[in-house]
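Under mature numbering (1 follows the signal peptide of the UniProt record, and there is no 0), the residues of the sequence shown are numbered -23 to -1, 1 to 191, in order. Backbone N, C-alpha and C define an ideal beta-carbon position, used for all residues, glycine too. Computed from a predicted model, the values in this text were never measured in an experiment. Accompanying notes for the structure given below.
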Amino acid sequence: MKLLKPLLAAAGLALLTAACGSAATPSAHSGAAATPIPRPVLNETADAALGPILTDAQGRTLYRFLPEKDGKVHCTGQCAGIWLPLLVKGTTTPTHDVALSGSVGTVARPDGTTQATYYEWPLYTYSGDKKGGETSGQGVAGMWFAQTATAPVDGDNDNDGTPAPTPVAAQPPPQPQAQQPPAPQQQPTPVPVPGFNDGDADNRGGPNDGDGNR
């Protein structure tokens, strides 16, 4: 078990490194450090294949990295030399020239720099994009995607624009049915017995019971 944990950790690191750079060896800017911008400007550009996507002030496509869904930065070191973080100076919040539906903010990187975010996704440009308007980083390793104005929210912020699900009202328990009283039993109608008066003691029309009357 002690040996298994380091192996799993190494495998996870290798997978993350591959996602960051193995599918991209472009490298006009590979290894170059991103330069903090006093106040980055986010724009929205219509791409023929992807629709409206976010770009920086130079028109370069901005990307998000799926493992950073939790709002924490994972693309560092060699990865950050290929996927250049959109850095800001201090805690300056990026601005935008167009109305954006998502929240714009920043996140602290492990090296102490500050990176621009959209819907809490840290934003990157791709060193493989040679000029503005290119989207060659789209889908790299199945983890890098151009950031859109309506991108899925990070999920780490309760106020990130996701509508809360409508609670389903609990149904009241069924009311117990009232017990109906049993129907009254009908008494049988007595059959009238015809009366006799034959003058003897039994008054039944039978044989003489000794009183002389028949």
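- Taking C-beta atoms as the reference points, G109 and Q35 count as a pair closer than 9 angstroms.
- With respect to the 9 angstroms criterion, P62 and P29 are not classified as neighbours on the basis of their beta carbons.
- Rounded to the nearest whole angstrom, the C-alpha separation of Q154 and P161 is 21 angstroms.
- Cβ contact annotation for E111 (same chain, cutoff 7 angstroms, sequence separation greater than five): T38, in chain order.
- Sorting Q92, S80, D33 by C-alpha distance to the C-alpha of P13 places Q92 at the top.
- Counting the other Cβ atoms within 10 Å of the Cβ of S104 gives 16 or more, which makes it buried.
- L31 and G67 have their C-alpha atoms roughly 22 angstroms apart.
- Close CB contacts of P87 within its chain, under the 8 angstroms cut and outside five residues either way in sequence, are with V50, T53 (chain order).
- Rounded to the nearest angstrom, the Cβ distance from A123 to L19 is 13 angstroms, too far for a contact under 8 angstroms.
- Per DSSP, Q92 is one residue of the beta strand (DSSP E) stretching across 91 to 95.
- For A57, the enclosing alpha helix (DSSP H) has its first and last residue at 55 to 59.
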